[in-house]
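Colleague: In the working numbering, the protein residues as written are 6 to 371. First the structure, which I've put down as structure tokens, then a few questions once you've had a look.
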Amino acid sequence: MTRLSIAALTLLAPTLLACTTRDDDYLLLRRPATANGAPPATGFELTTRTDAEAYYVRRLLANGFGAELLRTYAMAKRFAGHTAGRHATQTTIALGQPVVSSDPVQDRQIRLGWWRTTLDDGAPIIWVDDSPGRRDRSTMVDLVAGFGAAIMDVIDPESDCPASDATALRLGYIQFLQVVAAEWRPNAGSDDRDELRRLSVFADVRGNDAVLRRGESPRTMIADPSVVATVLYRLASSDLGRQMAEPAVYRPFLEAQPPRDVHPALLLGAFRNFQAKLMVAWSRAAAAGRRPRDLVDLVEAYGQAHPAERAEATRIFLVTTYGATALPAAIRADAAPEQIETQLAALTADVLFGRRGLRDGFHLPR
Numbered sequence: 006m007t008r009l010s011i012a013a014l015t016l017l018a019p020t021l022l023a024c025t026t027r028d029d030d031y032l033l034l035r036r037p038a039t040a041n042g043a044p045p046a047t048g049f050e051l052t053t054r055t056d057a058e059a060y061y062v063r064r065l066l067a068n069g070f071g072a073e074l075l076r077t078y079a080m081a082k083r084f085a086g087h088t089a090g091r092h093a094t095q096t097t098i099a100l101g102q103p104v105v106s107s108d109p110v111q112d113r114q115i116r117l118g119w120w121r122t123t124l125d126d127g128a129p130i131i132w133v134d135d136s137p138g139r140r141d142r143s144t145m146v147d148l149v150a151g152f153g154a155a156i157m158d159v160i161d162p163e164s165d166c167p168a169s170d171a172t173a174l175r176l177g178y179i180q181f182l183q184v185v186a187a188e189w190r191p192n193a194g195s196d197d198r199d200e201l202r203r204l205s206v207f208a209d210v211r212g213n214d215a216v217l218r219r220g221e222s223p224r225t226m227i228a229d230p231s232v233v234a235t236v237l238y239r240l241a242s243s244d245l246g247r248q249m250a251e252p253a254v255y256r257p258f259l260e261a262q263p264p265r266d267v268h269p270a271l272l273l274g275a276f277r278n279f280q281a282k283l284m285v286a287w288s289r290a291a292a293a294g295r296r297p298r299d300l301v302d303l304v305e306a307y308g309q310a311h312p313a314e315r316a317e318a319t320r321i322f323l324v325t326t327y328g329a330t331a332l333p334a335a336i337r338a339d340a341a342p343e344q345i346e347t348q349l350a351a352l353t354a355d356v357l358f359g360r361r362g363l364r365d366g367f368h369l370p371r
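Here it is, written out as structure tokens:
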């Protein structure tokens, strides 16, 4: 094993000291920039104190929604280690252009003067592309998208395959995080919410516009990532975000057990409480051979994993989609509010008592 010189240790000290055993532990690297016309750079360097983008990223991740993303990703990896036996990898964030060359070892090498080390093969990297021409969106947008994809890689690794039948779930989950980030209280001096609110998904989710656009076809509706994001957003912001499952549900997510008589969900907060319950539902369905392929599968998996929450989760799904997947024709969104409420209440009861299924509308003529 190569021994580091005093000079190397001195340069590494800020990074090493910044890393702890907490959920907000991460390694921040940079892909070196190249001159015009030069071949794309490979490998990484440690970020320096004068790197303005690195400083800004650290500010975003220190508290607020950035810190929440770090901890959600950490607990997802811990959960996968308990349930799927996957090795928990270090959280690595890279600034620069994600160039891939023909030499994978060179691509993952970290350089510090004469010293070299290499990131583990296959270890995930969360990219923030701050290369020229990519500043058309905020750093926080890139961070949310990167962490959302990384969390989905843990929850459902197959969702990243080009031919995956869960692509809409993957993209919808990322968009859900973007909407939550746009509403989260920002860090002092680093408010990126305006950029997040300019994303089309923000209006789609807040106004239920994606559902109204796709109302004629239930299959098209549940294949729209923005519809997935809308349902997840409404589930998370409802009482289900605060409702606690049995303590055993949360134990695989925790690094240490909570004090006696303290419910583990209280250590997570409402946002990660919902995230944990969603991951458990997804994991249990996959283990039972029913890996969620679309939004209906996911809602049903959630209700099966958390029976006490099934009625409310089903109601939210049906209300959000105006019953389009369960009825031969969706309830008209422009009808009188009292009529809509009555029809949705009756439909929810029919589904909960087994008189109608969430996919019954797929098999009926329209």
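Each residue gets a CB set at the ideal place from its N, CA and C atoms; glycine is no exception.
Give the secondary structure of V133 by DSSP, where H, G and I count as helix, E and B as strand, and everything else as coil.
Modeller: Locating residue 133 in the sequence shown gives position 128, counting from the first residue. In this structure, V133 counts as strand in the three-state DSSP scheme.
Colleague: If I'm right that F258 touches F84 with Cβ under 8 Å, what's the distance once you round it to whole angstroms?
Modeller: For the purposes of this step, residue 258 is identified with residue 253 of the sequence shown, where counting begins at 1. For the purposes of this step, residue 84 is identified with residue 79 of the sequence shown, where counting begins at 1. By a beta-carbon distance limit of 8 Å, F258 contacts F84. Their separation comes to about 5 Å.
Colleague: Report yes if the CB atom of S143 is closer than 8 Å to the CB atom of D197, and no otherwise.
Modeller: Looking up residue 143 in the sequence shown gives position 138. Looking up residue 197 in the sequence shown gives position 192. A contact, by the Cβ cut-off of 8 Å.
Colleague: Between the C-alpha atoms of N213 and P230, what's the straight-line distance to the nearest angstrom?
Modeller: Stepping through the sequence shown from its first residue, residue 213 is reached at position 208. Stepping through the sequence shown from its first residue, residue 230 is reached at position 225. Taken atom to atom, the span from the alpha-carbon of N213 to that of P230 is near 12 Å.
Colleague: What separation, rounded to the nearest whole angstrom, lies between the Cα atoms of L176 and D134?
Modeller: As a working mapping, residue 176 is identified with position 171 in the sequence shown. As a working mapping, residue 134 is identified with position 129 in the sequence shown. Straight-line Cα distance between these residues: approximately 19 Å.
Colleague: Rank P223, Y255 and L74 by C-alpha distance to the C-alpha of D365 and give the top, closest one.
Modeller: Looking up residue 365 in the sequence shown gives position 360. Of the candidates P223, Y255 and L74, the one whose C-alpha sits nearest the C-alpha of D365 is P223.
Colleague: Should P129 and A155 be called a contact, given that it needs their Cβ atoms to be closer than 8 Å?
Modeller: If you number the sequence shown from 1, residue 129 lands on position 124. If you number the sequence shown from 1, residue 155 lands on position 150. Contact: yes.
Colleague: DSSP on R218, reduced to helix/strand/coil?
Modeller: As a first step, residue 218 is located in the sequence shown; it is residue number 213 there, counting from the start. In the structure shown, R218 sits in a helix (DSSP, three-state: H, G or I).
Colleague: Please go through the same chain and pick out, in chain order, the residues whose beta-carbon is closer than 6 Å to the beta-carbon of I160, but skip the five residues on each side of it.
Modeller: The residue you call residue 160 lines up with position 155 of the sequence shown. So the qualifying residues of the chain are M284 and W287.
Colleague: Is DSSP giving T96 helix, strand or coil here?
Modeller: Here the question's residue 96 lines up with position 91 in the sequence shown. Three-state result, T96: coil.
Colleague: Go through its chain and collect everything with a Cβ distance to R2's Cβ below 6 Å, but skip five positions before and after it.
Modeller: Residue 2 lies beyond the stretch modelled for the chain, which goes from 6 to 371, so this question has no answer here.
Colleague: If you reduce the DSSP assignment to three classes, tell me which class T39 lands in.
Modeller: Position 34 of the sequence shown, counted from the first residue, corresponds to residue 39. In the structure shown, T39 sits in coil (DSSP, three-state: anything other than H, G, I, E or B).
Colleague: Classify Y60: buried if its beta carbon has 16 or more other beta carbons within 10 angstroms, exposed otherwise.
Modeller: For the purposes of this step, residue 60 is taken as residue 55 along the sequence shown, with counting starting at 1. Classification for Y60: exposed.
Colleague: Assign T15 to buried or exposed, taking buried as 16 or more other Cβ atoms, counted over all protein chains shown, within 10 Å of its Cβ.
Modeller: Your numbering for residue 15 matches position 10 in the sequence shown. Its pLDDT being 34, under 50, T15 is placed unreliably in this model, and the value from its coordinates should be taken loosely. Classification of T15: exposed, given that the 10 Å Cβ count is below 16.
Colleague: Would you say M226 and V210 are within 8 Å of each other, going by their C-beta atoms?
Modeller: Start at 1 with the first residue of the sequence shown, and residue 226 comes out as number 221. Start at 1 with the first residue of the sequence shown, and residue 210 comes out as number 205. Cβ atoms of M226 and V210: not closer than 8 Å.
Colleague: Measuring alpha carbon to alpha carbon, tell me which of T353, R54, G71 and L332 ends up nearest I131.
Modeller: Along the sequence shown, read from residue 1 onward, the residue named residue 131 stands at position 126. When only C-alpha atoms are compared, the closest one is G71.
Colleague: Do you know offhand how far L245's Cα is from E314's?
Modeller: Walking along the sequence shown from the start, residue 245 turns up at place 240. Walking along the sequence shown from the start, residue 314 turns up at place 309. Taking the straight line joining both Cα atoms gives about 7 Å.
Colleague: Quick check on the DSSP output: the beta strand (DSSP E) that includes F49 runs from which residue to which?
Modeller: Position 44 of the sequence shown holds residue 49. First-last of the beta strand (DSSP E) with F49: F49 to L51.
Colleague: Among V110, S195 and Q111, which residue has its Cα nearest to the Cα of V146?
Modeller: Locating residue 146 in the sequence shown gives position 141, where the first residue counts as 1. Taking only the C-alpha atoms, the option nearest V146 is S195.
Colleague: Nearest to D302 by CA position, among A281, T330 and A275, is which residue?
Modeller: By one-based count along the sequence shown, residue 302 stands at place 297. Of the listed residues, the one whose Cα sits closest to D302 is T330.
Colleague: Going by Cα to Cα distance, which pick from L273, E317 and I345 is closest to Y78?
Modeller: Sequence index remark: in the sequence shown, residue 78 carries index 73 (1-based). Ranking the options by Cα distance to Y78, first place goes to L273.
Colleague: Hey, T96 and D165: beta-carbon distance below 8 Å or not?
Modeller: As a first step, residue 96 must be located in the sequence shown, where it is residue number 91. As a first step, residue 165 must be located in the sequence shown, where it is residue number 160. D165 sits away from T96, with the two beta carbons spaced by 8 Å or more.
Colleague: Kindly identify the DSSP beta-bridge partner or partners of N192.
Modeller: Position 187 of the sequence shown, counted from the start, is the residue given in the question as residue 192. Among the bridge pairs identified by DSSP, N192 is matched with S195.
Colleague: Which residue wins for smallest C-alpha separation from L271, given the options Q348, Q111, A290 and A250?
Modeller: Within the sequence shown, numbered from 1, the residue matching residue 271 stands at position 266. When each option's Cα is compared against that of L271, the closest is A250.
Colleague: So, under 8 Å CB-CB, L240 and I321 are touching, yes? Tell me the CB distance rounded to an integer number of Å.
Modeller: As a first step, residue 240 is located in the sequence shown; it is residue number 235 there, counting from the start. As a first step, residue 321 is located in the sequence shown; it is residue number 316 there, counting from the start. About 6 Å separates the two Cβ atoms, so the contact holds.
Colleague: On the three-state DSSP scale, how would you describe T144?
Modeller: By one-based count along the sequence shown, residue 144 stands at place 139. Residue state, collapsed to three classes: helix.
Colleague: Where does R360 fall in DSSP's three states?
Modeller: What you label residue 360 is simply residue 355 of the sequence shown in a count that begins at 1. Here R360 sits in coil by DSSP.
Colleague: Which word fits E343, buried or exposed, when buried means at least 16 other C-beta atoms lie within 10 angstroms of its C-beta?
Modeller: The residue you call residue 343 lines up with position 338 of the sequence shown. With fewer than 16 neighbouring CB atoms inside 10 Å of its own CB, E343 falls in the exposed class.
Colleague: I156 bridges to which residues according to DSSP?
Modeller: The sequence position of residue 156 within the sequence shown is 151, counting from 1. None, per the DSSP bridge assignment.
Colleague: For the candidate residues Q348, T319 and A338, whose alpha-carbon lies nearest to that of V372?
Modeller: With the chain covering only 6 through 371, there is no way to say anything about residue 372.
Colleague: Taking the alpha-carbon positions, what's the V304 to G127 distance?
Modeller: By 1-based counting over the sequence shown, the position of residue 304 is 299. By 1-based counting over the sequence shown, the position of residue 127 is 122. Near 31 Å, if we compare the C-alpha coordinates of G127 and V304.
Colleague: T26 by DSSP, collapsed to three states: which one?
Modeller: As a working mapping, residue 26 is identified with position 21 in the sequence shown. Below a pLDDT of 50, predicted positions are generally treated as unreliable, and T26, at 46, falls in that range; the measurement from the model is reported next regardless. Residue state, collapsed to three classes: coil.
Colleague: Run through DSSP, which three-state label would W119 get?
Modeller: Here the question's residue 119 lines up with position 114 in the sequence shown. Coil.
Colleague: Report the option in L349, N278 and A354 whose CA atom is closest to the CA atom of A81.
Modeller: Start at 1 with the first residue of the sequence shown, and residue 81 comes out as number 76. When only C-alpha atoms are compared, the closest one is N278.
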